[in-house]
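The structure appears below as C-alpha coordinates.
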Amino acid sequence: MADAYVAAGSNVRPQASLREALRLLARDFPGLAASRAYANPAVGFQGDDFVNLVVRFPADLPTEALLERLKSVERICGREPGAPKWGPRTLDLDLLLHGDAVGRVAGKTLPHPDLLTRAWVLGPLAELAPALVHPVTGERIDVLWDRFDRAAHPLKPVTLDDAGG
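Each residue of the sequence shown is one higher than the last, beginning at 630 in our numbering.
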(Lines of atoms letter the chains of each structure in order from A and count residues from 1; the text may use other names and numbers.)
(Lines give C-alpha, C1' and ligand atoms only; values in the text may rest on other atoms or scores of the structure.)
Protein backbone atom coordinates (compact mmCIF):
# COMPACT_ATOMS: atom_id res chain seq x y z
CA MET A 1 0.00 0.00 0.00
CA ALA A 2 1.35 3.42 -0.97
CA ASP A 3 1.50 6.34 1.43
CA ALA A 4 -0.09 9.58 0.29
CA TYR A 5 1.22 12.96 1.47
CA VAL A 6 -1.24 15.82 1.14
CA ALA A 7 -0.83 19.54 1.85
CA ALA A 8 -3.96 21.05 3.37
CA GLY A 9 -4.56 24.78 3.61
CA SER A 10 -7.34 27.27 4.27
CA ASN A 11 -7.82 30.99 4.81
CA VAL A 12 -11.62 30.99 5.22
CA ARG A 13 -12.54 29.73 8.70
CA PRO A 14 -9.19 27.91 8.55
CA GLN A 15 -9.25 26.09 11.88
CA ALA A 16 -12.80 24.81 11.40
CA SER A 17 -12.19 23.92 7.74
CA LEU A 18 -9.00 22.01 8.52
CA ARG A 19 -10.56 20.20 11.49
CA GLU A 20 -13.40 19.04 9.24
CA ALA A 21 -10.99 17.99 6.49
CA LEU A 22 -8.92 15.97 8.99
CA ARG A 23 -12.09 14.29 10.30
CA LEU A 24 -13.22 13.33 6.79
CA LEU A 25 -9.80 12.12 5.69
CA ALA A 26 -9.29 10.07 8.88
CA ARG A 27 -12.69 8.44 8.32
CA ASP A 28 -11.75 7.41 4.79
CA PHE A 29 -8.07 6.71 5.41
CA PRO A 30 -7.36 5.05 8.76
CA GLY A 31 -3.82 5.62 9.95
CA LEU A 32 -3.81 9.33 9.07
CA ALA A 33 -1.04 11.36 10.73
CA ALA A 34 -0.75 15.16 10.60
CA SER A 35 1.98 17.70 11.10
CA ARG A 36 1.44 20.76 13.24
CA ALA A 37 -0.44 23.61 11.58
CA TYR A 38 1.30 26.81 10.53
CA ALA A 39 0.08 30.28 9.56
CA ASN A 40 1.56 32.14 6.62
CA PRO A 41 0.57 35.10 4.45
CA ALA A 42 -1.47 34.54 1.31
CA VAL A 43 0.66 34.19 -1.82
CA GLY A 44 -0.44 35.42 -5.24
CA PHE A 45 -3.28 37.62 -3.94
CA GLN A 46 -4.24 39.92 -1.07
CA GLY A 47 -6.13 38.01 1.57
CA ASP A 48 -6.23 36.65 5.08
CA ASP A 49 -3.38 34.44 6.27
CA PHE A 50 -3.54 30.75 5.46
CA VAL A 51 -3.25 27.93 7.93
CA ASN A 52 -1.42 24.94 6.44
CA LEU A 53 -0.39 21.45 7.43
CA VAL A 54 0.60 18.17 5.81
CA VAL A 55 -1.02 14.77 6.32
CA ARG A 56 0.17 11.25 5.57
CA PHE A 57 -2.03 8.19 5.22
CA PRO A 58 -1.95 4.79 3.53
CA ALA A 59 -3.93 5.05 0.31
CA ASP A 60 -4.65 1.81 -1.50
CA LEU A 61 -6.26 3.63 -4.43
CA PRO A 62 -5.11 4.54 -7.89
CA THR A 63 -3.81 8.12 -7.91
CA GLU A 64 -6.73 9.28 -10.05
CA ALA A 65 -9.25 7.96 -7.52
CA LEU A 66 -7.31 9.53 -4.65
CA LEU A 67 -7.36 12.92 -6.39
CA GLU A 68 -11.14 12.61 -6.86
CA ARG A 69 -11.57 11.82 -3.15
CA LEU A 70 -9.50 14.89 -2.21
CA LYS A 71 -11.68 17.07 -4.47
CA SER A 72 -14.79 15.61 -2.82
CA VAL A 73 -13.46 16.53 0.64
CA GLU A 74 -12.75 20.07 -0.63
CA ARG A 75 -16.35 20.38 -1.86
CA ILE A 76 -17.82 19.01 1.40
CA CYS A 77 -15.76 21.61 3.27
CA GLY A 78 -17.22 24.42 1.16
CA ARG A 79 -14.81 24.90 -1.74
CA GLU A 80 -16.69 25.98 -4.82
CA PRO A 81 -15.93 24.00 -7.98
CA GLY A 82 -13.98 26.18 -10.40
CA ALA A 83 -12.84 28.57 -7.64
CA PRO A 84 -9.85 30.66 -8.76
CA LYS A 85 -6.41 29.28 -7.93
CA TRP A 86 -5.24 32.61 -6.48
CA GLY A 87 -8.03 33.50 -4.11
CA PRO A 88 -9.49 32.85 -0.67
CA ARG A 89 -10.58 29.29 -0.05
CA THR A 90 -12.16 27.17 2.63
CA LEU A 91 -9.94 24.24 1.76
CA ASP A 92 -7.16 23.37 -0.62
CA LEU A 93 -5.88 19.78 -0.70
CA ASP A 94 -2.81 19.22 -2.85
CA LEU A 95 -1.43 15.75 -3.39
CA LEU A 96 2.32 16.06 -2.81
CA LEU A 97 3.38 12.44 -3.17
CA HIS A 98 1.67 9.12 -3.74
CA GLY A 99 4.02 6.21 -3.28
CA ASP A 100 6.75 6.41 -5.89
CA ALA A 101 4.57 8.01 -8.59
CA VAL A 102 6.52 10.50 -10.71
CA GLY A 103 5.29 12.56 -13.65
CA ARG A 104 1.86 13.62 -14.86
CA VAL A 105 -1.03 11.72 -13.32
CA ALA A 106 -4.64 12.75 -13.91
CA GLY A 107 -3.52 16.24 -14.93
CA LYS A 108 -1.31 16.73 -11.84
CA THR A 109 2.47 16.63 -11.51
CA LEU A 110 3.94 14.30 -8.89
CA PRO A 111 5.80 15.05 -6.81
CA HIS A 112 3.95 18.36 -6.48
CA PRO A 113 6.19 21.21 -7.72
CA ASP A 114 5.51 23.35 -4.61
CA LEU A 115 7.02 20.68 -2.38
CA LEU A 116 10.52 22.10 -2.84
CA THR A 117 9.64 25.80 -3.04
CA ARG A 118 7.06 26.52 -0.34
CA ALA A 119 8.01 26.60 3.34
CA TRP A 120 4.46 25.76 4.40
CA VAL A 121 4.71 22.52 2.42
CA LEU A 122 8.31 21.42 2.93
CA GLY A 123 8.51 22.34 6.63
CA PRO A 124 5.45 20.38 7.77
CA LEU A 125 6.46 17.46 5.50
CA ALA A 126 9.93 17.40 7.10
CA GLU A 127 8.28 17.37 10.53
CA LEU A 128 5.96 14.51 9.55
CA ALA A 129 8.36 12.37 7.52
CA PRO A 130 11.97 13.55 7.90
CA ALA A 131 13.53 10.36 6.50
CA LEU A 132 11.27 10.28 3.43
CA VAL A 133 13.30 10.40 0.22
CA HIS A 134 12.17 12.77 -2.54
CA PRO A 135 11.59 10.49 -5.55
CA VAL A 136 13.22 12.88 -8.04
CA THR A 137 16.10 14.51 -6.14
CA GLY A 138 16.95 11.35 -4.19
CA GLU A 139 17.46 13.44 -1.04
CA ARG A 140 15.84 13.07 2.34
CA ILE A 141 13.12 15.61 3.11
CA ASP A 142 14.84 16.74 6.33
CA VAL A 143 18.04 17.51 4.37
CA LEU A 144 16.05 19.54 1.83
CA TRP A 145 14.38 21.42 4.71
CA ASP A 146 17.71 22.07 6.43
CA ARG A 147 18.93 23.81 3.25
CA PHE A 148 15.73 25.83 2.79
CA ASP A 149 15.94 29.58 3.46
CA ARG A 150 13.73 29.55 6.56
CA ALA A 151 14.66 33.09 7.57
CA ALA A 152 12.98 34.41 4.42
CA HIS A 153 9.97 32.12 4.89
CA PRO A 154 9.21 31.77 8.61
CA LEU A 155 6.51 29.40 9.79
CA LYS A 156 4.30 30.40 12.72
CA PRO A 157 2.79 27.40 14.55
CA VAL A 158 -0.94 27.68 15.29
CA THR A 159 -3.49 25.35 16.83
CA LEU A 160 -6.62 24.03 15.20
CA ASP A 161 -8.64 24.24 18.38
CA ASP A 162 -8.96 28.03 18.45
CA ALA A 163 -12.45 28.92 19.58
CA GLY A 164 -12.90 31.45 16.77
CA GLY A 165 -11.76 28.98 14.06
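No residue lacks a Cβ here, since even glycine has one placed at the ideal position from N, Cα and C.
Only a predicted model underlies this, so the values are computations on that prediction, with no experimental measurement involved.
Burial check for W715: the Cβ neighbour count within 10 Å stays below 16, so the residue is exposed. Of the other Cβ atoms in all chains shown, 16 or more fall within 10 Å of the Cβ of V635; this residue is therefore buried. DSSP places P710 in no beta strand (DSSP E); its state is neither H nor E. Counting along the chain, no alpha helix (DSSP H) covers P742, and no H or E run does either. The DSSP-derived three-state label of R665 is coil. Under the three-state reduction of DSSP, D723 is assigned to strand. F686 is bridged by DSSP to A633.
Counting C-beta atoms within 10 angstroms of its own C-beta, G752 has 16 or more neighbours from the protein chains shown and is therefore classed as buried. Taking every protein chain shown into account, the CB of V672 has fewer than 16 other CB atoms within 10 angstroms, so this residue is exposed. Taking a C-beta distance under 8 Å as the contact criterion, L695 and H741 do not qualify as a contact pair.
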